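Chemist:
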Amino acid sequence: MPGAQRVKFVSAISLETEPARIAQDIHDQLAADGPFDLVVAFVRPPTDPAGAEVLAGVREILAPRRFIGCTAGGVVGSGREIESDDATAVLAARLPGVRVDPLPDLDDEAVNLAPDDLQACIVLVDPYSTATEALLRRLDQLAPGIPVIGGVASWASAPGRNRLAQDDNVVNTGLVGVTLRGNLRVSTIVSQGCRPVGDWFTVTSSRSNLVQELDGKPPLEVLQEVFAEASSEDQKLMRSGILLGRGVAKQPDDLGHGSFIIRVVLGADRESGAISVADRVREGEYVQFHVRDAQSARDDLEMLLTPQVFEETAAGALLFTCNGRGEGFFGERDADVAIIGNALGEQVPVTGFFCGGEIGPIGSANFVHGYTASLAVFRPGSGAG
Numbered sequence: 085m086p087g088a089q090r091v092k093f094v095s096a097i098s099l100e101t102e103p104a105r106i107a108q109d110i111h112d113q114l115a116a117d118g119p120f121d122l123v124v125a126f127v128r129p130p131t132d133p134a135g136a137e138v139l140a141g142v143r144e145i146l147a148p149r150r151f152i153g154c155t156a157g158g159v160v161g162s163g164r165e166i167e168s169d170d171a172t173a174v175l176a177a178r179l180p181g182v183r184v185d186p187l188p189d190l191d192d193e194a195v196n197l198a199p200d201d202l203q204a205c206i207v208l209v210d211p212y213s214t215a216t217e218a219l220l221r222r223l224d225q226l227a228p229g230i231p232v233i234g235g236v237a238s239w240a241s242a243p244g245r246n247r248l249a250q251d252d253n254v255v256n257t258g259l260v261g262v263t264l265r266g267n268l269r270v271s272t273i274v275s276q277g278c279r280p281v282g283d284w285f286t287v288t289s290s291r292s293n294l295v296q297e298l299d300g301k302p303p304l305e306v307l308q309e310v311f312a313e314a315s316s317e318d319q320k321l322m323r324s325g326i327l328l329g330r331g332v333a334k335q336p337d338d339l340g341h342g343s344f345i346i347r348v349v350l351g352a353d354r355e356s357g358a359i360s361v362a363d364r365v366r367e368g369e370y371v372q373f374h375v376r377d378a379q380s381a382r383d384d385l386e387m388l389l390t391p392q393v394f395e396e397t398a399a400g401a402l403l404f405t406c407n408g409r410g411e412g413f414f415g416e417r418d419a420d421v422a423i424i425g426n427a428l429g430e431q432v433p434v435t436g437f438f439c440g441g442e443i444g445p446i447g448s449a450n451f452v453h454g455y456t457a458s459l460a461v462f463r464p465g466s467g468a469g
């Protein structure tokens with residue numbers, strides 16, 4: 085049948101709580117569209133053993149060629165964001181002309197991820213056992229310019245309690261992932277949901293995550309000047325939390341929207357005027373202070389999604405959104421998925437989870453973010469039948 089040869093994504097969400105009933109519920113919703121080349125599952129379980137059972141049960145009953153998944157603090161699917169109830173969300177795909185392979189052992193010096201027809205990597209990681217930034221640097225080295233999309237498992241509050249699945253193997257440490265090659269187009273959107281205040285500055289002295297000088301002045305003094313010149317609205321936001329954007333552009337003229345990696349300012353030393361940031365900051369970098377609020381987050385995501393209306397209809401999407409967003413941040417449920425559905429079309433299946441860190445590209449490199457909505461949008465490649 086001609087339809088069987090087209091890229092197709094379908095999704096399901098189950099609010100059942102018993103592993104066997106979850107697997108059967110997911111099967112009943114999706115089986116008619118199988119068999120599947122890739123299934124991605126996110127589970128908010130009542131217990132960690134149940135998380136492993138759900139992941140194994142969904143893989144067994146759907147029997148896809150490739151399967152990945154993880155436990156999550158909340159899941160996204162069927163136009164809903166479920167943050168406080170146990171739930172399982174699944175995105176399943178038929179991918180003719182696409183090669184889906186497990187992510188290889190990245191510690192192997194001989195591993196080769198030569199881009200060629202590599203379109204993207206999907207990665208799920210355990211935060212207690214994986215150095216995510218180091219992982220992304222390695223992937224950037226092996227496959228320069230290739231987007232990595234994914235998230236940090238968020239269900240557990242202690243080591244060893246998250247569950248991650250790769251095909252028929254379920255583990256409680258490390259990472260899982262797949263590479264996608266061939267007849268597929270992957271668009272990535274990383275919405276950091278904040279806006280700049282003040283001008284940009286050059287880091288003229290730093291040590292690890294300590295910024296000691298900006299344009300030759302103590303950063304705390306610079307920050308106080310930015311605060312004094314800010315609007316009353318921005319001053320209010322700065323009092324509740326200030327962020328520092330690290331510019332990824334090599335020239336200041338190239339700095340603009342989406343060219344900063346946003347990091348939290350952790351504190352300041354009044355005596356020296358230095359500030360500490362939740363990241364390593366290097367001398368010579370361009371930085372700019374930022375603030376975040378719900379309206380900025382809405383506006384940013386809507387703006388970044390605007391070009392999607394000029395594209396052909398998407399086949400499906402994966403959303404990795406921060407566990408600091410959701411209803412508590414926006415003041416209403418389903419805000420991210422509503423914005424995405426409006427841009428892509430309500431018929432496009434969007435599945436994901438609330439992460440402890442969101443993975444996505446800024447410029448030509450990949451990073452782990454916070455308070456971000458990282459989205460991968462899938463469409464058939466140019467050779468689709």
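Using the working numbering, the letters of the sequence shown correspond one by one to residues 85 to 469. For every residue, glycine included, the Cβ atom is placed at its ideal position computed from N, Cα and C. Note that the structure is predicted; figures quoted are calculated from it, not measured.
For Met85, I'd like the list of residues in its chain whose CB is within less than 6 Å of its CB, leaving aside the five on either flank, ordered along the chain.
Modeler: Note that Met85 has pLDDT 38, beneath the 50 cutoff, so the model's placement of it is unreliable and no number is given.
Chemist: Would you kindly report the start and end of the unbroken beta strand (DSSP E) that includes Glu297?
Modeler: Unbroken beta strand (DSSP E) run through Glu297: 294-298.
Chemist: Would you say Leu328 and Val349 are within 8 Å of each other, going by their C-beta atoms?
Modeler: It is a contact, given that the beta carbons lie within the stated cut-off.
Chemist: Within a Cβ cutoff of 8 Å, which residues of the same chain sit near Pro228, ignoring the five residues on either side of it in sequence?
Modeler: So the list reads Pro199, Ser448, once near-sequence residues are dropped.
Chemist: Take the Cβ of Arg354 as the centre, count every other Cβ of all protein chains shown within 10 Å, and call the residue buried at 16 or more, exposed below.
Modeler: Its Cβ having fewer than 16 others within 10 Å, Arg354 is exposed.
Chemist: Who are the Cβ neighbours of Leu197 in its own chain at under 6 Å, not counting the five residues just before and after it?
Modeler: Correct list, in chain order: Leu226, Ala227.
Chemist: Do you know how far the Cα of Ala204 is from the Cα of Arg330?
Modeler: Cα to Cα, Arg330 sits roughly 24 Å from Ala204.
Chemist: Can you tell me the Cα-Cα spacing of Asp121 and Ile152, whole angstroms?
Modeler: Taking the straight line from one Cα to the other gives about 11 Å.
Chemist: Alpha carbon to alpha carbon, how far is His341 from Glu386? Give it in angstroms, no decimals.
Modeler: Near 13 Å, if we compare the C-alpha coordinates of His341 and Glu386.
Chemist: Taking Val270 and Ala460 to be in contact with their CB atoms under 8 Å, please state how far apart those CB atoms are, rounded to whole angstroms.
Modeler: The Cβ separation is near 6 Å, so the contact holds.
Chemist: What is the rounded straight-line gap between the Cα of Asp132 and the Cα of Val281?
Modeler: Spanning the two alpha carbons is a distance of roughly 43 Å.
Chemist: For Gln250 and Val260, I'd like the C-alpha separation in whole angstroms.
Modeler: One C-alpha to the other measures close to 6 Å.
Chemist: Give the range of the alpha helix (DSSP H) segment to which Ser324 is assigned.
Modeler: Its alpha helix (DSSP H) spans residues 316-324.
Chemist: Pull the bridge partners of Trp284 from the DSSP assignment, please.
Modeler: According to DSSP, which records beta bridges pairwise, Trp284 is partnered with Gln372.
Chemist: May I ask which residues mark the beginning and end of the alpha helix (DSSP H) holding Asn426?
Modeler: Element bounds for Asn426: 419-428.
Chemist: For Thr390, count the other beta carbons within 10 Å of its own beta carbon; 16 or more makes it buried, fewer makes it exposed. Which is it?
Modeler: When all chains shown are included, Thr390 counts as exposed.
Chemist: Under DSSP, the alpha helix (DSSP H) around Phe414 begins and ends at which residues?
Modeler: Where Phe414 is concerned, the enclosing alpha helix (DSSP H) stretches over 410-414.
Chemist: Going by beta-carbon coordinates alone, are Ser275 and Thr456 separated by less than 8 Å?
Modeler: The answer is yes: Cβ separation under 8 Å.
Chemist: Quickly, what does DSSP pair Thr435 with across the bridge? List them, please.
Modeler: Answer is Leu402.
Chemist: If you draw a straight line from the alpha carbon of Val123 to that of Leu179, how long is it in whole angstroms?
Modeler: Each residue's Cα considered, the two are about 11 Å apart.
Chemist: Under 8 Å, do Arg463 and Glu396 count as touching if we go by C-beta distance?
Modeler: It is a contact, given that the beta carbons lie within the stated cut-off.
Chemist: With a 10 Å radius around its C-beta and 16 neighbouring C-beta atoms as the bar for buried, classify Ser238 as buried or exposed.
Modeler: So Ser238 counts as buried.
Chemist: Can at least three beta-carbon pairs, one atom from the stretch 92-106 and one from the stretch 207-226, be found at a separation below 8 Å?
Modeler: Segments in contact, no.
Chemist: Apply the 10 Å Cβ neighbour rule to Gly429 and answer buried if 16 or more other Cβ atoms are within range, or exposed otherwise.
Modeler: Burial call: exposed.
Chemist: Is Ser458 closer than 8 Å to Ile233 when the C-beta atoms are compared?
Modeler: Cβ atoms of Ile233 and Ser458: closer than 8 Å.
Chemist: Tell me which residues share the same chain as Arg143 and place their Cβ nearer than 6 Å to its Cβ, disregarding the 5 neighbours each side in the sequence.
Modeler: Hits under 6 Å: Phe151.
Chemist: Taking Glu442 as part of the beta strand (DSSP E), name the residues at either end of that continuous run.
Modeler: Here the beta strand (DSSP E) through Glu442 covers 442-446.
Chemist: List the residues that DSSP assigns as beta-bridge partners of Lys334.
Modeler: Answer is none; Lys334 lacks a bridge partner.
Chemist: Check each candidate in Arg245, Leu146, Gly266, Val365 and name the one with the smallest Cα separation from Ser292.
Modeler: Ranking Arg245, Leu146, Gly266, Val365 by Cα distance to Ser292 puts Val365 first.
Chemist: Which full runs of the beta strand (DSSP E) of 3+ residues lie inside the stretch 215-264, going along the chain?
Modeler: DSSP runs (the beta strand (DSSP E)) wholly in the stretch 215-264: 232-236, 248-250, 253-255.
Chemist: Among the residues of its own chain, which have a CB less than 6 Å from the CB of Ala398, if the five just before and after it don't count?
Modeler: Within the same chain, Ala398 has close Cβ partners Leu428, Val432, Val461, Arg463.
Chemist: Where do the ends of the alpha helix (DSSP H) carrying Arg382 lie?
Modeler: Residues 378-389.
Chemist: Note down, in chain order, each residue of its chain lying with its Cβ closer than 8 Å to the Cβ of Ser343, except the 5 sequence neighbours on either side.
Modeler: The residues are Gly331, Val332, Ala333, Ile446, Gly447.
Chemist: Pull up the CB-CB distance for Val361 and Val295, whole angstroms please, since I reckon it's below 8 Å.
Modeler: Sure, about 6 Å apart at Cβ, within 8 Å.
Chemist: Taking a contact to mean a Cβ-Cβ separation below 8 Å, would you say Ile97 touches Arg164 in this structure?
Modeler: It is a contact, given that the beta carbons lie within the stated cut-off.
Chemist: So, are the CB atoms of Ile345 and Phe413 less than 8 Å apart?
Modeler: Contact: no.
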